[in-house]
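First the structure, in the form of structure tokens, and then the observations on it.
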Amino acid sequence: MNTSQAFNFQGNLSYKFSPLFKMKYEAVYDNAESQAFSNSFKYNPDGRGTSYSEGLIQSLDLTHTVDDNIFYTLQFSYGYNENQYYLYEDMNDPRYLPSLYLRALGNTFYYTGGTDNYRSFRKTTTLGVKGDVVAQLFRIHEVKAGFEVRKHKLNFEGYSVEFGKQNPDGSFNANLLNNDLLYDTTLVLLRRKPIDQSLYTIYEKEPLQAAAYIQDKIELASTFIVNAGLRYELFDPASKYNPEISKNLIDSLSGNITAYNIDSKIKHTLSPRLSISYPITDQGIIRFSYGHFYQIGSLSSLYTNSNYYVTNVGETPVFGNANVEPQKSVQYEIGLQQQLSEDLKLDVTGFYKDVSNLIYTQYIFTETGRAYQMLTNLAYSNARGVTISLFKRRSPGGLFQASIDYTFSIAEGNRTEPASELFFSEQSGKQTETFLVPLDFDRLHVLNATLALTEPNDWTAGFVFNMQTGTPYTPSLPSNLVSINYIQNSGNQPLQWNVNFKLEKYFDLGPLKTSVFLQVENLFDTENELFVYASSGRALSNVEQVQNSLEFQNLKTRINRGDSGLVPLSQIENYYSQRPDRVNRPREVRLGFSLLFN
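Heads up: the sequence shown begins at 236 in the numbering used here, then just goes up one per residue.
Here it is as structure tokens:
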């Protein structure tokens, strides 16, 4: 059920007008189609939608060497990326069915029929220009400077097909009842895009990004190297935001909450960066780096519900925020690189990353107690650790090459669960108490290793090994067993490990070079647990199936007596353990060949 096909093309043309002036054109094209695995659609696979994507990036580079010490590059680019999701291309396709038919079987999540009626269309086009200049000055200074400007155009449309019945005059009647579908033999179904703004999302935005930088690489006494630079970035979201949402909600209650909308501010950031490299011996180097880095929120999150539409008073609306501040990271790194022998190198690196203005969607309660969620800058996080690596290169005339690296790290951030407990009350002026918890991607230990045997231009064999501790999860036991609320991410998923293998043999066929290869992913067919149940910490079993052993008894009785339209009994008896989406892929063997043109 997890199918995909893709076509990729990459090519470039270059031309030298003179020894000092060169032009290059490059194009990258992608076209893909895929259907993701869905446990709910396991017995109704034809009801799933399909994702379609197409992208093209074109660039024209001009490089001019002014003299022996100065050259510059100008790049002009245009690209687009288009993503579509739907089951049928035509919204009026009669195979689209009302939601009545999309029903789950018994207490399971298996759909017995129906169709996925959601459709989305997203297209982003980008125009860009970039320039860089490099100058060698006063022998010890290599100065780099440059700029980049990118103008985006985002178009998005998303909705679920709305169904209605045809009136005698041919018009659309949205008052479609289940009895109409079941008993009206003269029923004519109509389909359309929803007219209710809460069910239909569409926007067009044209944000602008720009950046400029300058960097000086200073080589002192040919050994002590300093890189110092400064980067300026600008982001114009080109959208409005509502700084008085709470007041507007109290005034308007529902509808388009836009009475206090104003233009979002242009964001300006300055990022100093510094790195130092100093050899302590003829075989060892100490290095240090420090820098500020900024990251804007994903454009889709900034523009969520950009028309600020609220259905009714009982709804808890969710708003994006085009005026949210960029997320700021301050990073430090110190390392030692030491040559142990002619073909063996040791590298030790310590790192620390401090993140502020972490972008987060927070619950807010107005002075009247009305709740809403809004994208804002609230949370804080940090990551720190050390990496130790050994690299053995292939010695002249030898076959053997290997590497191994180990990373110990800790990543913590402000808690974000349970969401219902994290809020800001404007009436009391109080923020919910928060504290640091492990982040979702935190892994205490990661070990990677590679081993390769190579006979140049003849054959090569290689192994890639990975072992890592599981990421955190939040335990949760059924309330009738124990009334405990566990701290967010206080549990850890099981250890994961994997080995991949590749063997390749090369041949010469006249002017062509060719090879045949055998590639095995997950060589030992390990079953790593990727997503675990909160009650057990395991991917294929949980407490609920033991506690509620009669959960599927009625369904089992119907299957055993031969009722039609049901799933096999084995799927019910092992309902929680037959979830391929919760573990990694099994062993995959590929045979292939390659052709190399010189």
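Glycine residues also receive a C-beta, built at the ideal position from the N, C-alpha and C atoms. The structure displayed is predicted, hence computed values, not measured ones.
If we ignore side chains and look at the alpha-carbon of each, how far apart do residue i and residue j end up?
i, j, result
"A769", "T709", "6 Å"
"D328", "L322", "10 Å"
"G341", "Q780", "15 Å"
"R825", "F242", "18 Å"
"I520", "K627", "18 Å"
"L575", "D640", "16 Å"
"G633", "G697", "15 Å"
"L610", "N279", "37 Å"
"G570", "G585", "6 Å"
"N265", "F244", "A small correction: the amino acid at residue 265 is Asp; Asn does not occupy that position in the sequence shown. Roughly 7 Å between the two C-alpha positions."
"Y741", "W694", "6 Å"
"H503", "F382", "15 Å"
"E668", "S334", "41 Å"
"T761", "M236", "21 Å"
"S805", "I794", "10 Å"
"V802", "L785", "17 Å"
"L488", "L716", "41 Å"
"V621", "Q573", "16 Å"
"L411", "T642", "59 Å"
"I453", "I515", "18 Å"
"N408", "L434", "17 Å"
"I645", "D743", "50 Å"
"F344", "S799", "18 Å"
Does the beta-carbon distance from residue i to residue j come in below 8 Å?
i, j, result
"R354", "Y394", "yes"
"N566", "G532", "Just to set this straight, residue 566 is Gln in the shown sequence, not Asn. No. Outside cutoff."
"A267", "Q240", "yes"
"L686", "A614", "no"
"Q562", "Y538", "no"
"V778", "N735", "no"
"Y320", "T350", "no"
"I492", "V559", "no"
"Y260", "L295", "yes"
"M326", "V369", "no"
"F391", "I437", "yes"
"V553", "Q518", "no"
"L790", "I807", "yes"
"E656", "Q723", "no"
"N692", "L671", "no"
"N727", "G705", "yes"
"L758", "R822", "yes"
"D675", "P631", "no"
"N839", "W732", "Missing from the structure shown is residue 839; the chain here goes from 236 to 833 and no further."
"L579", "F635", "no"
With respect to the alpha helix (DSSP H) encompassing residue i, which residues constitute its N-terminal and C-terminal limits?
i, result
"D419", "Premise fails: D419 is in no alpha helix (DSSP H) and is neither H nor E."
"Q806", "L804 to E808"
"V482", "The sequence given here places Lys at residue 482; Val does not occur at that position. Segment I480 to S487, the alpha helix (DSSP H) holding K482."
"Q782", "V778 to Q782"
"L537", "L534 to L537"
Return the Cβ separation of residue i and residue j in integer angstroms, given the expectation that the two are a contact with Cβ distance under 8 Å.
i, j, result
"F272", "P815", "7 Å"
"I594", "N612", "6 Å"
"Q270", "R283", "6 Å"
"A774", "R820", "With 8 Å as the limit, A774 and R820 do not qualify as a contact, their Cβ atoms being about 14 Å apart."
"L422", "K400", "6 Å"
"S624", "D582", "5 Å"
"S541", "S474", "6 Å"
Can you give me the start and stop residues for the beta strand (DSSP E) that residue i sits inside?
i, result
"N266", "F256 to Q270"
"S616", "A606 to K627"
"N733", "Q731 to L744"
"E690", "H680 to E690"
"R192", "Look at the range of the chain in this structure, 236 to 833, and you will see that residue 192 is not part of it."
"L362", "Y353 to L372"
"Q573", "Q562 to S576"
"L297", "T285 to D302"
"L455", "L443 to L455"
"R508", "K502 to T516"
"R338", "Note, R338: premise wrong, no beta strand (DSSP E); not H, not E."
"S638", "F635 to N649"
"S770", "No beta strand (DSSP E) contains S770, which DSSP labels as neither H nor E."
At least 3 beta-carbon pairs within less than 8 Å: the segment 408-427 vs the segment 372-389
no
May I ask you to verify whether the segment 694-713 touches the segment 756-776, counting CB pairs closer than 8 Å and requiring at least 3?
yes
Is it true that the segment 466-486 meets the segment 602-611, where meeting means three or more beta-carbon pairs spaced less than 8 Å apart?
yes
Below 8 Å, can you find three or more Cβ-Cβ pairs linking the segment 664-682 to the segment 736-756?
no
With contact counted as at least three CB pairs below 8 Å, one residue from each stretch, are the segment 497-515 and the segment 464-477 in contact?
yes
Cβ contact check for the segment 248-256 and the segment 288-295: 3 or more pairs under 8 Å
no
Does the segment 484-503 come close enough to the segment 446-456 that 3 or more CB-CB pairs lie under 8 Å?
The segment 446-456 vs the segment 484-503: no contact.
Contact between the segment 300-317 and the segment 357-366: three or more CB pairs below 8 Å?
yes
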